[in-house]
Structures are given as C-alpha cells and as structure tokens.
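Undergrad: The sequence shown begins at 20 in our numbering and counts up one residue at a time. Each residue gets a CB set at the ideal place from its N, CA and C atoms; glycine is no exception. Fair warning: this is a prediction, and the values are worked out from it, not measured in the lab.
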Amino acid sequence: MQIFNNTKRRSFRYKPAMAIILFIAVLLSGCHSLIVTKVNSTNIRLDSTLSIAPDPMTESVILPYRTKLMNDMEEVLCTSKDALFGGRPESPLTNFCADLILSESDSICLKRYPDIRMSVSMVNRGGLRVPIPKGHVKVQNMFELMPFENEIVFLKLSGVEMRRFIDHMASRGGEGVSGMRFGIKEDKGFNPEIQGQPLDDTKSYWLVTSDYIANGGDGFEILSSIKERIATGVKFRDMFINHLRMLGKKNISIEAKTDGRVYDAK
Numbered sequence: 020m021q022i023f024n025n026t027k028r029r030s031f032r033y034k035p036a037m038a039i040i041l042f043i044a045v046l047l048s049g050c051h052s053l054i055v056t057k058v059n060s061t062n063i064r065l066d067s068t069l070s071i072a073p074d075p076m077t078e079s080v081i082l083p084y085r086t087k088l089m090n091d092m093e094e095v096l097c098t099s100k101d102a103l104f105g106g107r108p109e110s111p112l113t114n115f116c117a118d119l120i121l122s123e124s125d126s127i128c129l130k131r132y133p134d135i136r137m138s139v140s141m142v143n144r145g146g147l148r149v150p151i152p153k154g155h156v157k158v159q160n161m162f163e164l165m166p167f168e169n170e171i172v173f174l175k176l177s178g179v180e181m182r183r184f185i186d187h188m189a190s191r192g193g194e195g196v197s198g199m200r201f202g203i204k205e206d207k208g209f210n211p212e213i214q215g216q217p218l219d220d221t222k223s224y225w226l227v228t229s230d231y232i233a234n235g236g237d238g239f240e241i242l243s244s245i246k247e248r249i250a251t252g253v254k255f256r257d258m259f260i261n262h263l264r265m266l267g268k269k270n271i272s273i274e275a276k277t278d279g280r281v282y283d284a285k
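1) Do you know how far the Cα of E180 is from the Cα of D219?
2) From N143, P73, I271, pick the residue whose C-alpha is nearest to that of D237; which is it?
3) Look at the Cβ atom of E109, then the Cβ atom of V227, and state whether they are nearer than 7 Å.
4) Taking Y189 as part of the beta strand (DSSP E), name the residues at either end of that continuous run.
5) Is the Cβ-Cβ distance between V158 and S99 less than 7 Å?
6) Compute the Euclidean distance between the alpha carbons of L96 and P150, then round it to the nearest angstrom.
7) Can you list, in chain order, the residues of its chain whose CB lies under 6 Å from that of K153, leaving out five sequence neighbours each side?
8) On a Cα-Cα basis, can you pick out the residue from Y224, H187, S243 that is closest to D230?
9) Three or more C-beta pairs under 8 Å: does that hold for the segment 165-175 against the segment 204-211?
10) How big is the Cα-Cα spacing for L112 and A275?
11) Return the CA-CA distance between F104 and L147, expressed in angstroms with no decimal places.
12) Considering Cα atoms alone, identify which of K207, S197, D283 is closest to S190.
13) Pick out whichever of R107, Q216, V139 has its Cα sitting closest to the Cα of L121.
14) Taking 6 Å as the cut-off, is the C-beta of F259 nearer than that to any heavy atom in the ligand ATP?
15) Start and end of the beta strand (DSSP E) containing L164?
16) Between which two residues does the alpha helix (DSSP H) carrying Y231 extend?
17) At 3 residues or longer, what runs of the beta strand (DSSP E) sit wholly inside the segment 57-125?
18) Quick check on E94: buried or exposed, where buried means 16 or more other Cβ atoms within 10 Å of its Cβ?
19) Along the alpha helix (DSSP H) that carries G267, what are the first and last residues, could you check?
20) Along the chain, where does the beta strand (DSSP E) that runs through E240 open and close?
21) Just tell me which of G215, E205, L119 has its CA closest to the CA of R256.
22) In the DSSP assignment, find the beta strand (DSSP E) that holds D283 and state where it starts and stops.
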C-alpha cells in the first residue's frame, strides 16, 4: 500500500507540467507557413486620356523647380552647320564626340595630372542616342544625346592591350575614336596607328573613355582588367555642355566630317 500511495502522489505532481506541455504543443501545431494559392489582380490603364486632377499643394511645390528645369533645358549652347548623324565604321557624330573628349581630357590633365597626356579617345556608338541637330543646339539636345550618367575615365594600356582593344572595336564594325587610325579586315584591326605612328607593342598609351566601357561594357572586357586608371568624376554630358557653351560664346559653329580614321581594309 505504501508503494502505491507514493506512486499516486508523484503522478499527481506531474499533471500540471504535462498539461502545460500539451498546451504548448497545441499552440505550435497551429503555427505553419502561409501559402499563397491565388492572387487576384486588376489592370489599371495609365495614359494621357486619364483626367486626374493634380494636387494643388504638390503642384505649388514642384512648379518653381519645373520652371527652372524647363528654362535650363531651353538654353542655346551653340549652333551646328549640319545635323550630325552616327554610324559605322565612322561618322560625323562619333568623330566630333571623340575629338571633343580627347581635347577636353588634355585640358583636365594639364590642371590635375601634368605628367599625363591622353593618346587616344573612344566613344561607343551605342552611347550616342540621337543626332545633333542642325541649327541651335540646346542643353536638352545633350540630355537626349547622352541620357546616361557616364563619367570620364583615363586608362593606361600596354601596346599589346591597345591592339586587343582595337581588334574588339573592329569586330563591332568600328566605334568613335580620336588620336588613332585603323582599318577593319576580317573583323580585326588592320595597320593601326596612334598619333600618326604605327602601334608599338612595347609602348604604353593613355586612353580616355566612359566608365561604362572602362568597366567592360559592350564586350570590352580587356579594359576591365586594366589596373592603372583614373576616375576623373567628370560627367560626359557636363563636358559636352561646357564645351559647346564655350563654342557659342566664341561664335563658333559645330563642324564635323568623316576623314578615314576607321576604314574598311578588305
């Protein structure tokens, strides 16, 4: 009898603990991941035919900035004698743009890096989205021409790396270049020249281009591995706007043509 009574008392002591454990187990059994089995959606067409009244308070805040932006975009920088169109292997547009960044980059070097001189420049054809119009050239035209926030980068290439770089341009049918001349033969560079001299594999050359190309864009992986480089922080578009504004102040019109700097050598 004594043994039975002790067992009964121990069983009674454990009942509250067992009840708590069972309660927690029930709660946990109700915790499960939410599974989405159906999604309902409704298409709402947004176009210019929708008549949504602007919020007066929001409009009052935006209006001064909108007005200033529109005025800034309408600024006439200079004039162009002809419309400049892009194309391959070279074109008036790509030649003009490549010449501009090579010249302006030399000015940057004189101020910041006096021991460096740019040898060549490259502007990718795909980065120039529209032609430069004939007549008045406005700030808006520059934003349309270069809608991306690309920046100017200087790269130091060996002669061998420069040759591979030229070969890739040739495989793409040509790009906008300045300071160099080469033919395209069997999708490779033919008889390349840098600053009027044959390309020398034992020399080094400085290239100015966009950060997009410098980081391997458009298949230019050869450039992404170049260690010696300078990120100028200067935006492509700002360089163009400042240069064209200077032309306008001097009453100089934009002129550009093709000159055989990239040619078909077949």
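TA: Based on what the coordinates show:
1) One C-alpha to the other measures close to 11 Å.
2) For D237, the nearest C-alpha among the options comes from N143.
3) No, Cβ-Cβ distance for E109 and V227 is not below 7 Å.
4) The displayed chain sequence assigns Ala, not Tyr, to residue 189. No beta strand (DSSP E) holds A189; the alpha helix (DSSP H) holding it covers 178-190.
5) Their beta carbons are not under 7 Å apart, which means V158 does not touch S99 by this criterion.
6) The alpha-carbon atoms of L96 and P150 are separated by roughly 16 Å.
7) In chain order, S99, D101, A102 place their CB closer than 6 Å to the CB of K153, counting only its own chain and leaving out the 5 sequence neighbours on each side.
8) Per the Cα distances, S243.
9) The segment 165-175 vs the segment 204-211: no contact.
10) Roughly 7 Å between the two C-alpha positions.
11) Each residue's Cα considered, the two are about 10 Å apart.
12) The shortest Cα separation from S190 among K207, S197, D283 belongs to K207.
13) Here the closest residue by C-alpha is V139.
14) Absent from the structure shown: the ligand ATP. Ligands present: none.
15) Per DSSP, L164 belongs to no beta strand (DSSP E); it is in the alpha helix (DSSP H), 158-164.
16) Y231: member of the alpha helix (DSSP H) spanning 230-233, first to last residue.
17) Every unbroken stretch of the beta strand (DSSP E) spanning 3 or more residues and falling wholly within the segment 57-125 is given here in chain order: 95-99.
18) By the neighbour-count rule (16 or more Cβ atoms within 10 Å), E94 is not buried but exposed.
19) For G267, the uninterrupted alpha helix (DSSP H) segment begins and ends at 255-268.
20) For E240, there is no enclosing beta strand (DSSP E); the residue is part of the alpha helix (DSSP H) that begins and ends at 240-243.
21) Closest in alpha carbon position to R256, among G215, E205, L119, is L119.
22) Residues 281-283.
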